[in-house]
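Chains as they are written, first to last, in my numbering: chain E, 6 to 326; chain D, 2 to 424. We put the beta carbon where it would ideally sit given N, CA and C, even for glycine. Bear in mind that the values here come from a model prediction, so they are computed numbers and not experimental data.
Here it is, written out as structure tokens:
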């Protein structure tokens, strides 16, 4: 019986998962899904082909349309916030969701989107849909998001978590709707069969909630990272630097490697706000320096590779006190 | 006169530590209490598997909230050896790098350029500035420190260093996914099937490559605990021989400072001192992390961070149980019912017991001591699960914001009184 139920779960293409516990729980009636509140009262009738766990009072739901699923959003008050007309919806963050119109493909690695167009909808004013013009988009953080404005060969993955039984056998999957704290831009892309993720170069621009570009559209970045403590690494013409949430290149895009960029390795130093250093950078000679949020040097370029041995006497400059 | 001053100081301390009834209305103010200070760093082993992942996870972990962050800039030290007791190597590293002295420098926000000190961190962490004391005399100067009841003695002596030697446990040698040891519940599966007994498990990660390496990620952590040796002799040496206020940043102040040979001599003497400031070994604890509950985790970094954070929290908790000086004292923020923001992360179980303490300034020693006002214990079923990412895991008790207690003995408890676990 259990196996039957599990199989049903798998066949129903199960739902999404979100970052926090909710007073809005999916339930199944027959093959259809809806939501109940903590008291077991139905708040959304079981009328959908799939439903996610809720994020901040919102749930992702899908209806069957031919062989495809069309996705929308419902609220914990039972209302339909976004009609289920999109081919995919994802990246719930700061009240914004990313919406997709276009083909959805299936491969051995999972479902992915490619060749369509992405946009955003603010759940507080869902009627004001952004123009769906982007090849791929990131989540909103501190009211800004990265958008890729050129066509690439990107294979934007439907981010899922497999459900396995106790023997490790996949029996279903959950679609990730919300964005976790440790989200990385790599999470957007479909991993290859060996588990590696190839992030194709694009033309990335930082955008605010109103759709205004905060970085130059004439010289966009070929690759970007997620924001941490107000800074994100960026790459242009093979060089790295950092921008802040206002789109300012506070650490110029001139370095061969920078902290947090793909290929960088964690070091021994965690410099605190007291020291002023916020990121390290590497020059063409392989030397490393620590810079403050204005791009000014806190610790000048040194051959120190970033790792302190237990047998070392650490350079005085490396200490904040 | 001295008695009047003493009484003033006592009342100031009681005011600071016990709070007022008004604090019950404002839990945040009741949470302002003196914490111990902690510098934590890790030993990594670049020659072992998953070392970069562990270092990355450790670097993202914040200082436990029951302690003040007293981190220095070096947060990770590598060692080639593994499995050995690293006490000697760690202590040699402390000595070679003047770590104890740097911790003192941080307490007084020492300027590396001028060598001058600033007591504002002592004032801030000691909550002196908010007290009934004469704020004017407690201004940011040496005179301010002198005016404090114990010159910050208690707080500075409660400065600890915890060194976490974290290594990946190669689970491929152990049972993992294939043998079904995962303790994960697929949230939606449980919701759909009523499977409350983990018959269906959900594996969090990114696609088919989800690997048992991530799902079964566990670490072995050896935590070495040290305490700053801040006794009367050290404190007197520091205040008498080395302390001077930071000069102003205007040109006149800097010129006067540059011409002051006495201050230059103090600066040089402090920098040359290799013997006054020490760290004393307290003890260590070794544990292997529990199998990760993966519900609510979306990518490998989440898994690494959760496992490492919980491993460290667990060792901190065990060290607290073992060594009294490392135990945290947390204020009651409510008395009807008795509640405090302490929970499973600090090792609370239904069998735990806590003493309720009132800090009293001891005129004879010039230091603060704690008098027991009573004993309380947690109410079963009302223990807060405040472990790292417990709410994402939807763990029982994670929906609470504090633990509720009941009285074993004593009475007249007030918000702001401190509680400390007893054996």
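Contact belief for residue i with residue j at Cβ below 8 Å, rounded distance in angstroms
i, j, result
"residue 110(D)", "residue 69(D)", "13 Å between Cβ atoms; not a contact."
"residue 358(D)", "residue 420(D)", "7 Å"
"residue 88(D)", "residue 315(E)", "So it is not a contact: roughly 11 Å between Cβ atoms."
"residue 187(E)", "residue 311(D)", "Contact flag wrong, Cβ pair sits at about 15 Å."
"residue 252(E)", "residue 211(E)", "5 Å"
"residue 286(E)", "residue 256(E)", "7 Å"
"residue 56(E)", "residue 31(E)", "4 Å"
"residue 280(D)", "residue 100(D)", "7 Å"
"residue 348(E)", "residue 109(E)", "Residue 348(E) lies beyond the stretch modelled for chain E, which goes from 6 to 326, so this question has no answer here."
"residue 226(D)", "residue 327(D)", "6 Å"
"residue 49(E)", "residue 83(E)", "5 Å"
"residue 238(E)", "residue 204(E)", "Incorrect: roughly 12 Å between the Cβ atoms, too far for contact."
Helix, strand or coil at residue i [DSSP, three-state]
i, result
"residue 373(D)", "strand"
"residue 79(E)", "strand"
"residue 226(D)", "strand"
"residue 397(D)", "coil"
"residue 220(D)", "strand"
"residue 124(E)", "strand"
"residue 304(E)", "strand"
"residue 324(E)", "coil"
"residue 112(E)", "strand"
"residue 243(D)", "helix"
"residue 385(D)", "coil"
"residue 417(D)", "coil"
"residue 238(D)", "helix"
"residue 408(D)", "strand"
"residue 91(E)", "strand"
"residue 258(E)", "strand"
"residue 268(D)", "helix"
"residue 155(D)", "helix"
"residue 1(E)", "Any question about residue 1(E) goes unanswered here, given that chain E covers just 6 to 326."
"residue 114(D)", "coil"
Burial state of residue i (16 or more Cβ within 10 Å)
i, result
"residue 156(E)", "exposed"
"residue 351(D)", "exposed"
"residue 71(D)", "buried"
"residue 303(D)", "buried"
"residue 107(D)", "buried"
"residue 293(D)", "buried"
"residue 272(E)", "buried"
"residue 165(D)", "buried"
"residue 184(E)", "buried"
"residue 31(D)", "Residue placement at residue 31(D) is flagged as unreliable, the pLDDT there being 49, under the threshold of 50; a coordinate-derived value is accordingly withheld."
"residue 179(E)", "buried"
"residue 47(E)", "exposed"
"residue 93(E)", "buried"
"residue 47(D)", "exposed"
"residue 270(D)", "exposed"
"residue 373(D)", "exposed"
"residue 26(E)", "Confidence is the limiting factor: at residue 26(E) the pLDDT is only 41, short of 50, which leaves the residue's position unreliable, though a coordinate-based value still follows. Per the 10 Å Cβ criterion, buried."
"residue 339(D)", "buried"
"residue 222(D)", "buried"
"residue 409(D)", "exposed"
"residue 193(E)", "buried"
Going residue by residue through the region 296–367 of chain D, where are the continuous beta strand (DSSP E) segments of at least 3 residues, counting only ones entirely within it? 331–336, 339–341 and 354–363
Which residue spans inside the region 185–228 of chain E form an unbroken beta strand (DSSP E) run of at least 3? 209–213
The region 54–85 of chain E: positions lying closer than 9 Å to chain D by Cβ: 56, 57 and 58
Which residues of the region 54–75 of chain D have a Cβ closer than 7 Å to any Cβ of chain E? Give them in chain order. 56, 57, 60, 72, 73, 74 and 75
For the region 87–98 of chain D, list every residue whose C-beta sits within 9 Å of some C-beta in chain E, in sequence order. Residues of the region 87–98 of chain D with a C-beta less than 9 Å from any C-beta of chain E: 87, 90, 91, 93, 94, 97 and 98, listed in chain order.
As an exercise, report each continuous beta strand (DSSP E) stretch of at least 3 residues that is fully enclosed by the region 27–64 of chain E, in chain order. 30–34, 37–41 and 47–53
At a Cβ cut of 8 Å, what residues of the region 315–344 of chain D count as close to chain E, listed as they run along the chain? none
Chain-ordered residues of the region 300–325 of chain E with a beta carbon less than 7 Å from chain D: 312, 313, 314, 315, 318, 319, 323, 324 and 325
Along the region 342–363 of chain D, what residues have a CB closer than 8 Å to any CB found in chain E? none
With 9 Å as the limit, tell me which residues of the region 183–194 of chain E have their beta carbon closer than that to any beta carbon of chain D; keep them in chain order. Identification of residues in the region 183–194 of chain E having a C-beta nearer than 9 Å to some C-beta of chain D yields 183, 184, 185, 186, 187, 188, 189, 191 and 192, given in sequence order.
Using a beta-carbon distance cut-off of less than 7 Å, what residues from the region 157–170 of chain D approach chain E? For the region 157–170 of chain D, which is checked against every Cβ of chain E, not one residue is closer than 7 Å.
What are the residues in the region 109–134 of chain E lying within 8 Å of chain D by C-beta distance? 113, 114 and 115
Continuous alpha helix (DSSP H) assignments of at least 4 residues falling wholly in the region 51–106 of chain D: 52–60 and 88–97
Mind checking the region 111–131 of chain D against chain E and listing, in chain order, the residues whose C-beta falls within less than 8 Å of any C-beta there? Going along the region 111–131 of chain D in chain order, one finds 111 and 113 with a Cβ nearer than 8 Å to chain E.
If the cut-off is 8 Å on Cβ atoms, which residues from the region 257–287 of chain D count as contacting chain E, listed in chain order? none
Which residues, taken in chain order from the region 299–312 of chain D, show a beta carbon closer than 7 Å to some beta carbon of chain E? 299, 300, 302, 303 and 306
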